[in-house]
Every structure is written in C-alpha cells, then in structure tokens.
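Engineer:
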Amino acid sequence: MQPLLLVLALCVAQICALPQGSPNDYNDEIDNEDTNVPWQPEPLKPAPWQEEPQIQPPQVVEVQVPGIGNIAGVKAFRNTARRPVNAFLGLRYGQVGGGLARFQAARPVGFQGRINATVPSPNCAQFPELDRLRTAESRGENVDDCLTLDIYAPENANRLPVLVFVHGEMLFDGGAEEGQPDYILERDVLLVSINYRLAPFGFLSALSDELPGNVALSDLHLALEWLHRNLPYFGGDPGKVTLVGQAGGATLAHALSLSGRAKNLFQQLILQSGTALNPYLIDERPLETLDTFARLARCPPATPTARGLQPLYACIARLPTSQLVAAFEQLFEQNERFGLAHIGGFKLVVGDRLGYLPRPPAQLAANVSNALPMIVGATKDAGAFILSRVYDQIASLRSYNVSDYIDVVLRHTAPPSEHRFWKQFALREIFLTDQERSASPESVAEGLLELSNYILYRAPVINSIRHSYRSVPAYLYLFAYRGQHHRFFHLRNPLPFGVDASLSDDGVYLFPYPPESSHLNSADSAVSNSLVDKWVDFAVAGVPNQNSGGWPRASSEYGPFLRFSNSIPLLELDPHFGEGLNLPNLSGESFKPTINITYPSPTTTTTTTRRPHAYNRPSRPNQQPRTWNPSNPDYVKDQEAKQQQFIRDRAQRWKEQQQREQEDRERQRQQREQEERERQQREQEEQERQRQQREQEERERQREQREQEERERQRQQREQDEPERERQLLEEEERVRQQQELEREQQEREQEERYNQEREQQVQYEQEPQPVDNPEEHPYDGFPSYKEVEQQREWQEQQERERQEREQQEREQQEREQQERDQQERDRQERARQDRDQQERDRQDQEQREREQQEQDQQERERQEQEPQEPEDNPEDPSYDVHPSDPEPDRNYNEEQEREEQQREQLRREQQEQRDREDQLQREREQERERQDWVREDQPKDKPEDYPSYEEYLKAQEESNSERDRNYDEEQERERQQQEQLHQERHPHPEGNLPETHDSDPNYAEEEESDQQAGEDQVVNRNSYSDNEELERSQDEETDPDALNPADFENYEAYILAATKQQEERDEQYRLEDERIRAQQEEEYRLRLNRQRRNVIGPNRTGKTPSGYFRN
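Just so you know, the sequence shown maps onto residues -17 to -1, 1 to 1095 in mature numbering (1 follows the signal peptide of the UniProt record, and there is no 0).
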C-alpha cells in the first residue's frame, strides 16, 4: 500500500510542477504575452450559432392549369422581407415553326402534360449569344423555341394585381431574366416577365405575308392572351394587368396599346424611357433594310423578279438561325455609323401585314379611344446611351461651326424630314450665340446631349399624351437620381463629363439586374422603395400616390411631372417636362400647382458640369431679386419697354441668324454646284472612256469576226477542193493501175510468143531426121551443146533480172504512192484538226467575251444600284436641309475595273499557254514522224536475191507491210488519244471524267467520212500489189451490206473498235485467200515450167540429167 501511495504522490507533484499556459508552450518562438492566455480545450462539435447552414433542396410547388397541364414550380425567398415566392420559370406560351415560319406569327401551344418550370429557358436568338446558338445547333437543339414567360407570385396569392414586364433597350438583345422579383414582390402583386423574338426574327419585313414584320408585337399579344386565360390559377387578377415596358420594351407596349388589337388584355401602362413615337425604333425603309440584310446573308437581293421575292424567301428559309443572326450583326455594325436611316431589322415598320401599325404611331396616338391610363417618363440623360456611340464622329470634326456638330447628332437621332426643325430649335433654345462660331467638341457636348434627350425621349413623351391627357389619366416623371449603380456600368463613357441617370437606370431600382447592381446602399434603397411603392400603387388603384397625393396627373402635355433627384426632398414636382425648352406649340392652358414648387439651384450632386439651360442657369453676381409691383405705372412702362426691347433684340438676333443661315446655304449651294460639276465631269469622262472601250471592243470583235469568216472560207474552199484532189488521185491511181496491167499483158504476150517460138523450134527439131551414130563415139549425142545450155541459162537469168527489176520498180512506185497518200491523209487530218481546234478556240473566245460582257453589265447595274440618288436641292423649299451631303467616291468602281482587267489578263495568259502547249505537241509529233521516216529511209531495201525463194520474199514483204500498217495505226491511235486528252482538259465533262459522245457533234459526219476514206486507202495500199480480182473485191467492199452503221453504237470510240475488229477479220480472210491463190499460181507455174523443160531437153537415154543444168 505504501509503494502505491508513493507513486501517486510523485505523479501529483509532477503535474503540479507543470507551468500554466497554452498547449503551444513547447514552441520556442511563441510570444510571452500569448503564454498568459489560459488554455481551453477544443469543443467536440461547433456551437449552434457556428454551424454552417445546410443547403436544402428547393421545394416544388405544383399548379394544375386546365388545357395546359400540371406545372411544377419552385418556392424561393427572393426579397428583402424573406417572403416566400412561388416561381414558375420558362412556361411556353407559343410555338415557332421552322424555315420561313421563324419570321411569322407563332401558334398557341396546346396541352403539354407535366411541365418542369423550375429552371429558366434560354433567351431568344441574339448576336451577343452567337456562340451559344452555334453550339446548340451543333447538338441538334431548336434554338427558335424561345417564346416563354416567367411568373412570380407570393405564397397563397389570390386575385392580386399583375405587373407584366417587357424588357427592351435596343430590341435586339436581352431576355425575361431582366425582370427579377426581389423588390416588387415585397408588395402583394404578381410579376410576369416575357421572352419575345428579337432583331430580324421579330422585325424584318418585306410587307408581305412571308415576311410580315412586327412579329414581336404578335408574340406579346399571344403571351397576354395566355395570361388572360391562366392567371387565376397562379393567384392573379386578369382584370388588373399593368404592362411595364423598359426602353424598347416600352415602345412595344405603347405600340400594342395604340393598335387596339389587345383590348381588355391589359388595363394600364407604365412606359420607362420609351414610347411608340421614338424615331429611333421606327424603320421608314424596311425594303432597303431587307435588301442589305439579304446581301450580307449571301441571298438574292430584295428586287422583285418574275417570281417575286420567292428566291430570297427560299434562301432565308434555308439558312440556319446562327447564320442569320451573324448577318444581322454585320448589318448593325457596318451601317450604324451612317446614321438612323441606314440601320434596321430591329425596328417597328408601318403597314405590316399583321395589322398592328396600319398608320404611323403619331397618327394612331391621336385616336383617344385606344388611350389607356399610364405612367410615362424617362431618365434625365437617357440620350447619353446613343450619343456615346457616335461621339467619336463628333470628336473627329475639326470645325468651329456648331451646325456641323448638330448635323452629326441629327443624322443618328431624327428622321431626315425633321432635321431642319430640330436644327433651328437647337440654335434658338439650346446653344448660346457665342457658341455658333467658336464651337469645339468639348464645348458643345452638353448641348448635344440635351438635344438627344429631347428628340429621343422627352418630345416623344410629350407627344404621346398630347391628345389623351384630358380623357385618361397620365402621370409624368423624370428620373434624375444618380446612385451607386448604372444599368450599363460596364460601358466606357467617352463624353467629356459625367452623366446623371442614363438609359434604364431607373430599372435598377425596380429589378435587381444585372446582379452586380443588386446591393443597394441606404440612399439607393430609399429611392427603390419610393419607386416600387408608386408603381405598385398605380397597378393596384390606378393612382401612383394613393396615400400621400403628392403626384398629380398631368394637366397638359408638359406636366406637372415628378422628379426623382439627389436633392432634398428626394421627390420634387416641376411644372414643365421640357426643363424650360419651349416649343412653338405650347399648350395655352396655364398650370397652377397645388403645392409649393422648388427650383433647385445648380449643384454637383446631380451632374458633374454646369449647363446653360433652365434649372441650371449661370450665376449673375450683383443681381438683385425682382420686385413685383403691377400697380406702379412706371414699373409697368419699364416692363413694357424692356419687353419691347427684348422683342427688338430677339428680332435682330433672328435676322442675323437668318442672314447667317442664308450665307451658309449660299456657300453650301456653291459647294454642291461645284461638286455637281465635278461629278458630271467625272461621269462624262467615264462615259467617254466606256465609249472608247466599247468601240475598241467592237473593232476587236469585227476583226475577229473577219478572221473567223476568212478561216471559214478557207475551210470551205479546202472542203470543196478536197473531193477534186481525191478524184484526181484516184484517176492517177487508176491510170497507173491500167498502165501496169497493160505492161503485164504485154509481158505475157511476149512470153507467150517466145514460148510459141521455142515450141515451133522444138517441133521443127523433132521433125528433122536425126543421124544414127555410135553412142560410144559420141557419148553426148541427143543433148544440147554447152553453148546452147549457157545461152539458155543466160536468157533465163536475163528474164529473171528484168522481172525482178520490174517488180522492184513497181514496189518503189507503190511505196512512193503510198507515202504520198499517207502524207496527204496526214495533211488532211491535220488541217481538219486545226480547223476543229480553231473553231473550238473561237467558240471559247466568243463565250469568254459574252461572259465578260455579262459581268460588266451586272457590275454596272450593281454600281448604279449602289449609287445613292441625290435629291434635287431647292434652297427655297421650306423642308430644305442645310447640312451638306457627303460626296460619293468612285473608288469601288475603279477597283472593280482593275479586278476585271486582271481577270482578262489571266485568261489571256492561260489561252496563250494552252496554244503554246498545242504547238509544242504538234512539233513533237512532226519530229517523231520525221525521225521514223529517217529511220525508214536508212533501213536497207529488201531484195529478192536476199531470200532463198520468192515465196519467202513475198512473205517478208507482207510482214513488212503489216508492220507499217500497225505502226501507222498506233501512231493514229496515239494522236487520237492525245487530242481526246487535250479536249478533256479544255472541256471537262460536267459529270466526271466520262468520255464525251460524238453522236451529236457537228463534225461527226466529217470525221466519219475521213475515217472511212483512211480505211479505204489502207485497203488499197495493202492490196496494191495484188491482181485485178483482188482490186475488184476491195472495191466491192465499199458497198458491202455488212458494213457497220455509226448510229448503231453508243459513241464513236465503240464504232471504231467494232470497225477495226471487222477490218482485221476481213484482212485475215483476204490474206489466207491471197496465200491460196499465190500457192495455186506457183504450182501452175512450176508444172508449166517442168513441161517446158521436158519438151525442150527431152529425156536422155540413160534417164539422167546433167548436174548444174538447172538452178533454182
């Protein structure tokens, strides 16, 4: 027990000896002050407040909609009050067809069964998402199926008012994702955001049934019809629908209301920085836009033909969506710098076949029956979005005249018919007198921004309610608050000053989009709450201030209006929406506000610069406030005098302004006249040059025509002379043959006479009495003497030599004649080939000239179409535009001429190279023919004495003739193949490398006749050494009933093969027949010779013949 206690005491002592501190005391580098922190053990699990929240799967909310299906949405918490929101995303309301139906009205969707509405759908086709479109198309997805909408409803919603948001800006990008519910659904309303077709698919128009235009309006109409039927199932009230449009979306919403096509589908409007009267979103030349779009898409132009625009429709229907989007991107980027009138494809058109805008929107706005209660307004500097895109053109001007800068802005913001009015308005109301001759981009930038704001946003707002504010409520607002975030914060500001609220900046405080702008500070949150309250109050009760009453309805087209600003108070009521910029047609009604109106002094909280306009007037030192005393006559006189002086000064300024404008017009007229004279001079020079060129081409064409006629005449002459030459040749051959026949008959007669003489001598010799001698004394009696035998042998040798010489001469004569006929045949074929080649070259030259002429005519037509028609300027016309027009350069035409000249030069080089190759091939053939003739001449002539017998000699001659015939046939075949190859290189077969058939060739009969003549000449050459019977047989072959007909064969090559095979069979038969006849003749000759020997010599008594008497 004691040892155990001792051990326990030691352990306790060691534990007590340990220093107090953290478990890291073993580290030598720890600070001393850290060692004083008491050590605490780590907990086994974190505290409840330290636990990370676990991600819960989204809760599914299902809604049963008759005729649509079972819709499964998602429950979320998308607002600052953490109220549950039921979201139904990507609900299809329309179906878009393929091909040309992508540009036409969509069809309603039917029953869809179970619908997954938990994920948003892709946006409609737009060029910022071009890569996504191409990827989706490569996977086989339907990128045109984009007509969807998103519905956000509070939990347990029941008959709540509905806000339907239409996104916008420029109508070629964006989507339903811009309408987020975070701020709006803090109140009891439903929010709906719609996807509709953009850019060419929503607006491209030919004013026809195939391309009707304004299809985006039909999409909104179809979506509203879907909502009208199905909103009660989501907790919404179809009788309280307010259409909210942002920028371009506001233009669509206002246009749909003016059309009267969607009555009772929505009851109120909220238009934020956009109306249907905005000139930037109206395409006044839709057919020109379609033509430009078609050319960029590589489709036929939009020029009516015999088939109308069907070729263009077929091409557009065939192209994929991504390619059409890329063509629109090129259209916008290339033509934006030319001004408002040159860009389209994303704008509304007047006169569409769907019937939404039968007349211009300004005329439709005068119809009060279609007017609806509305909140309408704009951001203070909404025009900065457009001005910043063209400021590079303003900055590049080197002018001191403010009118030049105004012209640039008008070209991009106003239609040409309104330029003169807006220019006078800007010079009178916006710019100071000292700025008219000392302008610079920096000094006039603020005034140009004000002009852009008034043209694009403030004037359309004023004109939108000009006719309807008396019958239906209209509430005007101006959003001038400059907060922490901008809608387009990612874009660079090229202006030389900071702007206040730009385009769509008011939407940042209604919808937290883009996500970077969703974090609001306290001041921004106050603006957001005020804006949301007024918008929701208007949706609920039709009055935006049902509690405070601080926002009265407009009593004129100018106001009053509510201003959202950075000053205190945040909301101010101002009397004039134009900020003091008066128009000649101001309303005659006076406005007396029911509340105090404050005129803010210039501050730096709303803008970074000072502008010389109302509510931002320049400070005037030492100026006392005016005293109002209308009862004092002196005061009244003084005021009248000042008023008269003001009128005189204004008249004087107006006169000076008119004089300056007159000088400017005169200077511009002179400049235009000078430009017109220069243009006419250029046109005259161009016409003169074209006339000379046409004359030169005409002379060249006539020269070539004369040469062609001369060649044709020579060819016809040769054709006419050819039968005569052939007839003469045949007659010559006939004469030679007859001469040879006569000589042969003469030789036979002489031989017969000699034979008769010898026979008579033999008979005479036998009749003479013979002496009887002793055979032993005369051993050689009864035999001829040696002298007689020698004479007989010499005579036979002489006859043989003469025969051989005659045969040799005949063969040489025949060879010469054969060579002449061969040479004539080759010359004839060569001439025929040259004629055919020349005809082919002439035909190609003619076709090339016709193609060049067609190309020149087409290019001339295109150049004339591309030349803008310069209007006739009349300075006296009140609509005369004083800004100068840009001269048109002719650089494109010169480049086209240079390219044509290069193409013609290239074609001439290729034709010259082709002719050089043909000449080289002809020279090679001639050299080969000369070499063969030279080798043939160098070969030793065969002689009969070189062979052991005459039969061997004849056999060798036959083989030699056959070899020459084969060589000649091979040479002809090689030439034919070379010609065919050359013809195929120059005229490739359209269906491949198949040989062309010559049945339809115009030279077929001539080639057939030449080939038959060549075959007949070959037969004559082979049988020229045969007798008369063989000659008659060869002549009978011409009328052979078994002769082949070229028309029975598929092509000429098949006919040649069959004819060659038949000729070879006949030649073989003739050769066998000739050998039989020759053998028979030789046998008869041998028998006759033996009989002669026996008759001349007679048998000896011993029955022996002297050796060496006869020789073979």
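Even for Gly, the Cβ is constructed at its ideal location relative to N, Cα and C.
Based on the DSSP output, what are the partners of V198 in its beta bridges?
Structural biologist: Answer is none; V198 lacks a bridge partner.
Engineer: Output needed for S305: all residues of its chain with C-beta closer than 7 Å, excluding positions within five of it in sequence on either side, in chain order.
Structural biologist: Correct list, in chain order: L113, L116, R117, E120.
Engineer: Who are the near neighbours of Y440 in its chain, counting only those whose CB is closer than 7 Å to its CB and skipping five residues on each side?
Structural biologist: Here the set comprises S256, A361, A365, G366.
Engineer: Taking the beta strand (DSSP E) that P424 belongs to, which residues open and close that run?
Structural biologist: Here P424 belongs to no beta strand (DSSP E); instead the alpha helix (DSSP H) covers 424 to 436.
Engineer: L1027 by DSSP, collapsed to three states: which one?
Structural biologist: Coil, per DSSP.
Engineer: Which residue comes first and which comes last in the beta strand (DSSP E) that contains T131?
Structural biologist: Note, T131: beta strand (DSSP E), 131 to 137.
Engineer: Buried or exposed: which applies to N1028, given that a residue is buried once 16 or more other Cβ atoms fall within 10 Å of its Cβ?
Structural biologist: N1028 comes out exposed.
Engineer: Just verifying my parser: in three-state terms, what is the DSSP assignment at I265?
Structural biologist: Strand at I265.
Engineer: Figure out for me which residue from R97, E193, P195, K223 has the closest Cα to the Cα of L207.
Structural biologist: Nearest of R97, E193, P195, K223 to L207, Cα basis: K223.
Engineer: Let me see if you follow: with CB-CB separation under 8 Å, is E161 close to chain D or not?
Structural biologist: No chain D is part of this structure, which consists of one protein chain only.
Engineer: Using CA coordinates, which residue listed in S538, F404, E941 is at the minimum distance from P456?
Structural biologist: It is S538 whose Cα lies nearest to the Cα of P456.
Engineer: So, under 8 Å CB-CB, G162 and S176 are touching, yes? Tell me the CB distance rounded to an integer number of Å.
Structural biologist: 3 Å between Cβ atoms; contact.
Engineer: Which of the three DSSP states is assigned to V102 in this structure?
Structural biologist: In this structure, V102 counts as coil in the three-state DSSP scheme.
Engineer: Since R75 is in the beta strand (DSSP E), which residue starts that stretch and which ends it?
Structural biologist: Element bounds for R75: 68 to 75.
Engineer: Quick one: give me the first and last residue of the alpha helix (DSSP H) that residue 1101 is part of.
Structural biologist: The displayed coordinates of the chain run from -17 to 1095. Any statement about residue 1101 would go beyond what the structure contains.
Engineer: Could you work out which residue in L459, E953, Q640 is closest to F560 when comparing CA atoms only?
Structural biologist: Comparing Cα-Cα distances from F560 to each of L459, E953, Q640, the minimum goes to L459.
Engineer: Can the beta-carbon of L331 be found less than 8 Å from the beta-carbon of I265?
Structural biologist: A contact, by the Cβ cut-off of 8 Å.
Engineer: For E1012, which of helix, strand or coil comes out of DSSP?
Structural biologist: The predicted model places E1012 with a pLDDT of 46, which falls under 50 and marks its position as unreliable, so this point remains unresolved.
Engineer: Who are the Cβ neighbours of T234 in its own chain at under 8 Å, not counting the five residues just before and after it?
Structural biologist: The answer, listed in chain order, is G151, L154, G228, G257, T258, A259, N261, L264, L331.
Engineer: Can you name the start and end residues of the alpha helix (DSSP H) that F186 belongs to?
Structural biologist: Note, F186: alpha helix (DSSP H), 182 to 186.
Engineer: On the three-state DSSP scale, how would you describe P144?
Structural biologist: Reduced to three states, the DSSP call for P144 is strand.
Engineer: From Q711 to R809, what distance separates their C-alpha atoms?
Structural biologist: Answer to the nearest angstrom: the Cα atoms are 18 Å apart.
Engineer: From C298 to E312, what does the alpha carbon distance come to, in whole angstroms?
Structural biologist: Roughly 18 Å separates the two Cα atoms.
Engineer: Identify which residue in R97, L279, V385 has its Cα closest to the Cα of R411.
Structural biologist: The option with the nearest alpha carbon to R411 is V385.
Engineer: Would you tell me roughly how many angstroms separate the C-alpha atoms of A324 and L556, rounded to the nearest one?
Structural biologist: Cα-Cα distance, rounded: 37 Å.
Engineer: How should I377 be labelled, buried or exposed, when 16 other C-beta atoms within 10 angstroms of its C-beta is the threshold for buried?
Structural biologist: Answer is buried; the Cβ neighbour count reaches 16.
Engineer: Pair every Cβ in the region 47 to 58 with every Cβ in the region 266 to 275, then say whether three or more of these pairs are closer than 8 Å.
Structural biologist: Segments in contact, no.
Engineer: In the DSSP assignment, what residue or residues form a beta bridge with I369?
Structural biologist: According to DSSP, I369 bridges with nothing at all.
Engineer: Any idea if I551 is buried or exposed, counting beta-carbon neighbours within 10 angstroms, 16 or more meaning buried?
Structural biologist: Answer is exposed; the Cβ neighbour count stays below 16.
Engineer: Grab me the residues of N69's own chain with a C-beta within less than 7 Å of its C-beta, minus the 5 sequence neighbours each way, in chain order.
Structural biologist: Cβ within range, chain order: V44, G56, K58, A136, E138.
Engineer: For R650, which of helix, strand or coil comes out of DSSP?
Structural biologist: It is helical.
Engineer: Counting C-beta neighbours from all protein chains within 10 Å, is the total for L437 16 or more, i.e. buried, or is it exposed?
Structural biologist: Residue identity differs from the one stated: residue 437 is Tyr in this sequence, not Leu. Per the 10 Å Cβ criterion, buried.
Engineer: What's the C-alpha gap between Q822 and E838?
Structural biologist: Going from the Cα of Q822 to the Cα of E838 covers about 24 Å.
Engineer: Would A463 and R546 be called neighbours here (beta carbons separated by less than 8 Å)?
Structural biologist: Yes, they are a contact pair.
Engineer: Name the DSSP beta bridge partners of V332, please?
Structural biologist: V332 is bridged to D266.
Engineer: Report buried or exposed for T131, applying the criterion of at least 16 other Cβ atoms within 10 angstroms of its Cβ.
Structural biologist: So T131 counts as buried.
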